[in-house]
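Remarks on the structure that follows.
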Amino acid sequence: MPRITDKYSTRSEAIIHKGSCYDFVKNIPDSSVTLVVTSPPYNIGKKYEKKSSLNDYYIKQEQIIDECVRILADNGSICWQIGNFVENSEIVPLDILLYPIFYKHNLKLRNRIIWQFGHGLHASKRFSGRYETILWFTKTDNYVFNLDAVRVPQKYPQKKYFKGPRIGELSCNPLGKNPSDIWDIPNVKNNHVEKTIHPCQFPIELVERLVLALTNEKDMVFDPFLGVGSTTAAALKNNRKGMGCEILDEYYDIAIERTELAMNGKIKTRPMNKPIYDPENPKENLEYELEFKSAQLTLFHKSPAYRVSK
Ligand SMILES: C[S@@+](CC[C@H](N)C(=O)[O-])C[C@H]1O[C@@H](n2cnc3c(N)ncnc32)[C@H](O)[C@@H]1O
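So the mapping is simple: this note's numbering equals the position in the sequence shown, first residue as 1, plus 2.
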């Protein structure tokens with residue numbers, strides 16, 4: 003059996019369909035996917051979409067979201083990553099537009115994550131946009147959430163209580179801190195190690211955080227608008243199953259290539275939680291990076307995985 007198939011099968015590690023998600027999704031059984039994560043077209047006239055009225059856009063999004071809810075397992079999550087529809091310098095935040103569709107299904111919104119990044123178009127009639135959002139919904143109250151898998155280094159990992167009954171003990175969690183709902187992750191521009199021909203691909207570290215926190219090993223992750231396969235690559239890199247659809251041949255081919263690399267442990271990615279580079283302070287970057295690496299090492303030594311492997 004090939005490791006990547008085009009048609010849905012419970013035996014495949016990865017399923018990448020060349021064609022539209024609207025047809026493909028009908029073949030996915032109910033409650034079979036633990037995480038849906040996607041960035042759909044924004045209806046702004048990119049090469050891969052036909053701009054339509056916001057009403058028609060809403061109807062199409064509703065069709066696919068309804069299906070994603072149907073295929074979602076009871077302990078599963080949907081993460082809809084989205085920005086603004088823009089016309090004549092007026093913006094419509096698409097997460098606000100689409101929220102009622104999720105609400106109608108009684109999904110529970112756990113976080114509205116702000117993904118902030120340093121680069122993008124320079125606006126002249128408003129402030130330049132430097133964030134997008136991820137709406138994270140769960141189907142029920144009993145959902146997978148592995149916080150320890152995505153903790154980030156504490157700013158002062160050695161800080162101790164200086165009074166009270168726990169004086170002298172570490173005052174912060176030695177496994178690191180909760181990454182919060184504001185994520186500072188560089189978007190994929192020309193100098194990014196993951197850059198392909200796609201104009202708006204996910205950074206793999208962003209999807210990895212969701213995959214690690216919201217699924218367990220061998221669970222299925224689905225991206226209806228797969229692009230160049232960042233979601234399937236992030237899933238396979240972390241021993242999950244991955245599935246997605248892409249309509250354009252040139253992106254589909256790259257999705258297959260990157261997913262195979264991830265399966266074989268050969269995909270090159272920007273490491274999760276790597277500090278943001280500041281070109282104006284090269285010395286500070288180096289110091290910060292060294293501090294980060296030592297904090298990561300401490301985090302690893304205190305993690306359950308290290309204790310098991312010893
Ligand atoms: C915003 S991009 C997503 C990029 C993706 N997150 C990545 O990292 O590469 C949306 C993608 O959806 C694809 N697409 C548009 N309509 C589609 C459809 N009906 N079915 C499947 N893919 C579609 C587009 O070609 C485009 O690559």
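Backbone N, C-alpha and C fix where the C-beta goes; we use that ideal spot for every residue, glycine too.
query, result
"I'd like to confirm something about residue 70: is its beta-carbon nearer than 7 Å to some heavy atom of ligand 1, or not?", "no"
"Which first and last residues belong to the beta strand (DSSP E) in which residue 184 is found?", "184-186"
"Name the one or two DSSP bridge partners that residue 87 has.", "94"
"Between residue 211 and residue 181, which are expected to be in contact by the criterion C-beta below 8 Å, what is the C-beta distance as a whole number of angstroms?", "7 Å"
"If we ignore side chains and look at the alpha-carbon of each, how far apart do residue 246 and residue 268 end up?", "20 Å"
"Going by CA-CA distance only, name the one from 166, 271 and 102 that's closest to residue 195.", "271"
"List the residues that DSSP assigns as beta-bridge partners of residue 135.", "84 and 116"
"Where do the N-terminal and C-terminal ends of the beta strand (DSSP E) with residue 248 fall, by residue?", "243-248"
"So, at 6 Å on beta carbons, what are the nonlocal neighbours of residue 20 in its own chain, with the 5 sequence-adjacent residues on each side left out?", "254"
"Residue 151 by DSSP, collapsed to three states: which one?", "helix"
"Would you check whether ligand 1 has a heavy atom nearer than 7 Å to the C-beta of residue 1?", "This structure cannot settle anything about residue 1, because the visible part of the chain is limited to 3 through 312."
"With 16 as the cutoff for other CB atoms within 10 Å, does residue 322 come out buried or exposed?", "Outside the shown range of the chain, which is 3 to 312, sits residue 322, and nothing can be said about it."
"I want to check one thing, is the minimum distance from the CB of residue 133 to the heavy atoms of ligand 1 below 7 Å?", "no"
"Is residue 160 buried or exposed, if buried means 16 or more other CB atoms sit within 10 Å of its CB?", "exposed"
"Let me know the beta strand (DSSP E) ranges lying completely inside the segment 217-245, each 3 residues or longer, listed in chain order.", "222-225"
"Quick check on this structure: which residue in 91, 112 and 82 has the alpha carbon closest to the alpha carbon of residue 99?", "82"
"Below 8 Å, can you find three or more Cβ-Cβ pairs linking the segment 168-176 to the segment 237-244?", "no"
"Can you check which of these residues, 264, 216, 158 and 42, is closest to residue 75 by C-alpha distance?", "216"
"Grab me the residues of residue 310's own chain with a C-beta within less than 8 Å of its C-beta, minus the 5 sequence neighbours each way, in chain order.", "Its pLDDT being 45, under 50, residue 310 is placed unreliably by the model, and the measurement read from it follows with that caveat. Within the same chain, residue 310 has no close Cβ partners at all."
"Classify residue 165 as helix, strand or coil using the three-state DSSP reduction.", "coil"
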